[in-house]
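> Sharing a structure below in C-alpha cells format, with a few things to ask.
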Amino acid sequence: MSMLPSFGFTQEQVACVCEVLQQGGNLERLGRFLWSLPACDHLHKNESVLKAKAVVAFHRGNFRELYKILESHQFSPHNHPKLQQLWLKAHYVEAEKLRGRPLGAVGKYRVRRKFPLPRTIWDGEETSYCFKEKSRGVLREWYAHNPYPSPREKRELAEATGLTTTQRKH
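In C-alpha cells:
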C-alpha cells in the first residue's frame with residue numbers, strides 16, 4: 001500500500017474515490033479528479049480508474065475515447081453490465097444523431113448487430129430473448145421432464161438458472 005510519487009494517495013484510495021464519485025453521480029468532479037492524477041502507468045491501468053474514465057468519456061460525449069478504453073482493457077465480469085450499457089447507449093446516441101430521430105426496437109437491434117460487444121466486456125455467451133443460452137438450455141430440459149413444476153420446484157429452477165421467478169415465468 002505505497003503512496004504514489006508526489007500525489008499523497010495510494011492506488012486503492014484513488015480507486016475508492018473513483019467508485020464513490022461514480023456512484024454519487026458527480027461526473028464533472030470525477031473528470032477533474034482523473035485529470036489531476038499523476039502520469040503513472042500502474043495507476044492508469046487500474047480497473048476502477050479505467051471504468052471511471054469510460055463513464056466520464058460517455059458523459060462528455062467522447063465516444064471514440066470510450067470505445068478505445070472498452071476495447072483495449074480486459075474488465076472483470078462484475079463490471080460488464082455497466083460497461084455494456086455504456087457501449088450500447090453510446091452507439092445508440094451516435095445512430096440517432098446520424099438519422100436525426102430516436103431509434104425504435106428494430107433500429108437498436110441493428111445497431112447491436114453492427115457493433116457487437118467487445119470480448120473485454122462480454123463473457124462470449126449469446127443471449128436470446130434476454131436469456132443466456134445456458135439458462136435457456138436448463139429451462140428447456142427442466143420443462144421437458146416436468147411441464148407443471150410446483151412453486152418449490154419453480155424457486156429451485158430460478159436459483160439454478162440465476163433468473164428471477166418472474167423471468168422464469170415468461
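Residues in the sequence shown are numbered from 1 upward in steps of one, following the UniProt record's numbering.
Built from N, CA and C at the ideal position, the CB exists for glycine as well.
Comparing C-alpha positions only, which one of Arg29, Glu159, Glu71, Cys18 sits nearest to proline 116?
Ranking Arg29, Glu159, Glu71, Cys18 by Cα distance to proline 116 puts Glu71 first.
> Just to confirm the assignment, what range does the alpha helix (DSSP H) spanning proline 151 have?
Taken as a continuous stretch (DSSP letters only), the alpha helix (DSSP H) holding proline 151 covers 151-161.
> For a test of the three-state rule: what should DSSP assign to threonine 10, helix, strand or coil?
Here threonine 10 sits in strand by DSSP.
> Out of Pro81, Arg113, His78, state which residue places its alpha-carbon closest to the alpha-carbon of alanine 95.
When each option's Cα is compared against that of alanine 95, the closest is Arg113.
> What does the alpha-carbon distance come out to for the pair aspartate 41 and tryptophan 87?
Cα to Cα, the separation comes out at about 24 Å.
> Cutting at 7 Å between CB atoms, please list the residues of its own chain near leucine 50, excluding the five before and the five after it.
Excluding residues within five positions, the ones whose Cβ falls inside 7 Å are Ile69, His73.
> Within the same chain, show all residues whose beta-carbon is closer than 8 Å to that of aspartate 123, passing over the 5 residues directly before and after it, in chain order.
Pro77, His80, listed in sequence order.
> In three-state DSSP terms, what is lysine 134?
Here lysine 134 sits in helix by DSSP.
> Checking 8 Å against the spacing of the C-beta atoms, do alanine 105 and phenylalanine 63 come in under that value?
No, these two residues do not count as a Cβ contact at 8 Å.
> So, helix, strand or coil for leucine 98, using DSSP?
It is helical.
> With respect to the alpha helix (DSSP H) encompassing histidine 73, which residues constitute its N-terminal and C-terminal limits?
Here histidine 73 belongs to no alpha helix (DSSP H), and DSSP marks it neither H nor E.
> Under three-state DSSP, which class holds phenylalanine 58?
Three-state DSSP puts phenylalanine 58 in a helix.
> Measuring CB to CB, does leucine 21 end up less than 8 Å from leucine 30?
The answer is yes: Cβ separation under 8 Å.
> So threonine 10 and phenylalanine 75 are supposed to be a Cβ contact under 8 Å. How far apart are they, rounded?
About 22 Å separates the two Cβ atoms, so there is no contact after all.
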